[in-house]
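Residue numbers (the working numbering): 15 to 184.
Laid out in structure tokens, this is it:
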């Protein structure tokens with residue numbers, strides 16, 4: 015009795031597998047069809063035209079020296095106050111917030127921040143000139159150089175202020 019279901023199972027499996035085989039000619043080819051071939055050619059896009067921007071007017075470039083000088087004067091003031099600020103912050107050491115030595119150090123750091131603010135005003139004016147020049151379609155190259163100079167000064171000031179603030183705990 016057990017033999018009969020097993021025989022039926024084997025027979026049905028053989029019939030199913032036999033139905034899966036057909037002649038070779040009926041399978042589709044795996045070769046590329048004509049629609050799958052690329053036959054078009056593409057031209058490279060033309061090279062972009064080199065556009066030389068006009069220089070900004072002399073009224074704009076004439077302001078650059080004064081703005082850079084103002085930032086350098088602010089940096090000179092910053093550097094003059096820096097040794098005192100460093101010494102008062104060192105003297106404050108781990109003084110508690112609100113103590114007299116902490117307050118003295120905070121005032122010294124505030125003097126540095128005031129000098130940095132003067133340089134930031136020059137940078138803001140340079141940014142305005144730069145943006146206005148770009149909007150008018152003029153070459154902002156000279157203004158960019160002046161901005162980079164002032165940004166370098168302010169970057170150094172930011173490093174000093176960050177160091178002093180972290181030591182002061184504020």
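For each residue, glycine too, the CB sits at the ideal point set by N, CA and C.
- How big is the Cα-Cα spacing for residue 18 and residue 29? The C-alpha of residue 29 is placed about 17 Å away from the C-alpha of residue 18.
- For residue 96, collect the residues of the same chain with a Cβ closer than 7 Å to its Cβ; drop the 5 residues on either side in sequence, then sort them by chain order. Cβ within range, chain order: 126 and 174.
- Task: Classify residue 63 as helix, strand or coil using the three-state DSSP reduction.
- Result: It is coil, neither helix nor strand.
- Message: Which residue wins for smallest C-alpha separation from residue 162, given the options 20, 153 and 144?
- Response: Checking every option, the nearest Cα to that of residue 162 belongs to 144.
- Assuming residue 153 contacts residue 68 under a Cβ cut-off of 8 Å, what Cβ separation, rounded to an integer in Å, is found between them? Here residue 153 really is in contact with residue 68; their C-beta atoms are around 7 Å apart, less than 8 Å.
- For the candidate residues 71, 122, 41 and 54, whose alpha-carbon lies nearest to that of residue 150? Minimum Cα distance to residue 150 is reached at 71.
- Where does residue 53 land, buried or exposed, given buried means 16+ other C-beta within 10 angstroms? The residue is exposed, with fewer than 16 neighbouring Cβ atoms inside 10 Å.
- My guess is that residue 168 and residue 119 are in contact by the Cβ rule of under 8 Å, so how many angstroms apart are they, rounded? Their Cβ separation, rounded to whole angstroms, is 22 Å, which puts residue 168 and residue 119 out of contact at 8 Å.
- Neighbourhood of residue 130 by C-beta distance below 8 Å, restricted to the same chain and skipping five residues each side: 88, 92, 168, 171, 172 and 175, listed in sequence order.
- Task: Output the distance between the C-alpha atoms of residue 42 and residue 27, rounded to the nearest integer angstrom.
- Result: In this structure, the alpha-carbon of residue 42 lies about 26 Å from that of residue 27.
- Would you tell me roughly how many angstroms separate the C-alpha atoms of residue 49 and residue 57, rounded to the nearest one? Cα to Cα, residue 49 sits roughly 21 Å from residue 57.
- Compute the Euclidean distance between the alpha carbons of residue 116 and residue 106, then round it to the nearest angstrom. So the two alpha carbons sit approximately 5 Å from each other.
- Message: Among the candidates 66, 90 and 180, whose CA atom is the shortest distance from the CA of residue 128?
- Response: When C-alpha distances from residue 128 are compared across 66, 90 and 180, the shortest belongs to 90.
- Query: Using the C-alpha atoms, what's the distance from residue 181 back to residue 83?
  - Reply: Between residue 83 and residue 181, the C-alpha separation is close to 31 Å.
- Is any heavy atom of the ligand ATP found at a distance shorter than 7 Å from the C-beta of residue 59? Absent from the structure shown: the ligand ATP. Ligands present: none.
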